[in-house]
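Read in order, the letters of the sequence shown are residues 467 to 812 in this note's numbering.
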Amino acid sequence: MYMTFRWYGPKDPISLNHIRQIPKMKGIVSSLHDEPTGVAWDLAKIKSYKENIESYGLNFKVIESVPVHEDIKLGRGSRDEYIDNYITTIKNLAQAGLEVVTYNFMPVFDWTRTSLDTPFPDGSNALTYKHKDIMAMDPTSPDLTLPAWVKYSNQELRGLLEAYKSVDNEGLWKNLEYFLKAIAPVAHENRIKLAIHPDDPPWSIFGLPRIITNKAALERVLSIVDVPENGLCFCTGSLGISPDNDCVDMVKTFAGQKRIHFAHARNVSIDGDHDFSEVKHTNDVGNIDFTKILKAYFDAGFEGAIRPDHGRMIWDETGLAGYGLYDRALGATYLQGIWDAFESTK
Ligand code: DNO
């Protein structure tokens, strides 16, 4: 396992110089954030982005993410053109020396929360989710936006929500299957590891289908194209908010099969039925115990990248929701410490 940190590019308030000062920090996870969804990424742009990161002594092997165009998820006629672009991007990333491509198959909205700064008694604040608040939200309201959401015009958004009315969960599976059957063989040939991120939260929101929600779904993804490159970004914070999901068991299974290509380490506290808070990485709180999760990775001989996912805002830091410096840096050192203790007993 090697430790990485997500960086949002030159516009990120956190600098590569600060990130490299985190003990044992090895690499950056990032994306060409200014590229519109659906275009083919240019090789020269990828190379220069990579060179800049590497000039700080950090590696850059993991892309998070190459977003999937909605036309692919909707199975529209234009999907082939977007799939061709995705394939070009995969080939160019391979040529530039990248190793892992993270993506998700969530319709319209990426991760979703109902509050970005719920205060905690110790003076920190964090992201939380209350299902009854989601039920009361109108996602097309101009006042409503989340950091990870693509900015659509109101009309586009209404059009998309309407179009998804004819795509149920099985329809979405079919569209994922079509996409994976086209891209996984290319990833295999080019030795690019594909890492699908689970749905966050792992249940339907705003009436949209959501399918990457549990162990059976992960097994199904892997079976669609059974090559080692067709794999997972295993996110404890997304899967772990469903009490039915046993994350330790899933790590044992999928890291054991060498199909986890990237690990997201986030701790969450289940506060009630479909309600949760994001909490610090340590095992005195929350439902995820990283001593157990990391032991499962360690026993499976996991060699991929891990990153501390969403942190709280502490010490009066302000910045991108979930992506401040301080709490994620504490998370990274906590996770690394657990790992080093396992290493030392080898
Ligand atoms: C949340 C992240 C996700 C993830 C994408 C992967 O903080 O884990 O936004 O990057 O879903 O495509």
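Note that beta-carbon positions come from the ideal geometry of N, C-alpha and C, so glycine has one too.
None of these values were measured; they are calculated from a predicted model.
Check: From Trp615, Pro587, Ala602, pick the residue whose C-alpha is nearest to that of threonine 503; which is it?; Outcome: Trp615
Check: From the DSSP secondary-structure annotation, give me the bridge partner or partners of asparagine 820.; Outcome: Given a span of 467 to 812 for the chain in the structure shown, any question on residue 820 remains unanswerable.
Check: Using 8 Å as the threshold, is the C-beta distance between asparagine 680 and asparagine 641 below it?; Outcome: no
Check: Could you give the first and the last residue of the continuous alpha helix (DSSP H) run that contains isoleucine 519?; Outcome: 509 to 520
Check: For my contact list, isoleucine 553 and isoleucine 480 are in at a C-beta cut-off of 8 Å; report their separation, rounded to the angstrom.; Outcome: Isoleucine 553 to isoleucine 480, Cβ: 32 Å. No contact.
Check: Distance check for glutamate 530 and alanine 562, CA to CA, integer angstroms please.; Outcome: 15 Å
Check: Given this structure, state the Cα-to-Cα distance separating leucine 559 from lysine 511, to the nearest angstrom.; Outcome: 10 Å
Check: Closer than 7 Å: is that where the CB of glycine 523 sits relative to any heavy atom of ligand 1?; Outcome: no
Check: By Cβ distance below 7 Å, which residues in the same chain neighbour isoleucine 538 in space, the five residues on each side in sequence not counted?; Outcome: Arg545, Tyr548, Ile549, Asn641, Phe645
Check: Is tyrosine 474 near ligand 1, judged by its Cβ being under 7 Å from some heavy atom?; Outcome: no
Check: Does DSSP classify valine 428 as helix, strand or coil?; Outcome: The chain is shown from 467 up to 812; residue 428 falls before or after that span and cannot be answered.
Check: Which residue's Cα is closest to the Cα of tryptophan 669: Thr568, Asp806, Asp576, Asp775?; Outcome: Asp576
Check: Is the distance from the Cβ of alanine 653 to the Cβ of histidine 727 below 8 Å?; Outcome: no
Check: Indicate the three-state DSSP secondary structure (helix, strand or coil) for asparagine 558 in the structure shown.; Outcome: helix
Check: Pick helix, strand or coil for histidine 654, following the three-state DSSP scheme.; Outcome: helix
Check: Measuring CA to CA, which of Ile488, Thr470, Asp478 is closest to tyrosine 792?; Outcome: Ile488
Check: In the structure shown, what three-state DSSP assignment does valine 691 receive?; Outcome: coil
Check: Verify the contact flag: glutamate 530, CB atom, against every heavy atom of ligand 1, threshold strictly below 7 Å.; Outcome: yes
Check: State yes or no: is the C-beta of alanine 614 nearer than 7 Å to some heavy atom of ligand 1?; Outcome: yes
Check: Please list the segments of the beta strand (DSSP E) lying wholly inside the segment 584 to 614, counting only runs of 3 or more residues, in order along the chain.; Outcome: 591 to 595
Check: For aspartate 621, is the classification buried or exposed, using 16 other Cβ atoms within 10 angstroms of its Cβ as the cut-off for buried?; Outcome: In the sequence under discussion, the amino acid at residue 621 is glutamine, which differs from the aspartate named in the question. Exposed, since its Cβ has fewer than 16 Cβ neighbours within 10 Å.
Check: Out of Leu638, Leu612, Thr606, state which residue places its alpha-carbon closest to the alpha-carbon of arginine 624.; Outcome: Thr606
Check: Look at the alpha carbon of threonine 578 and the alpha carbon of arginine 486, and state the distance between them as a whole number of angstroms.; Outcome: 29 Å
Check: Alanine 602: buried (16+ other C-beta within 10 angstroms of its C-beta) or exposed?; Outcome: exposed
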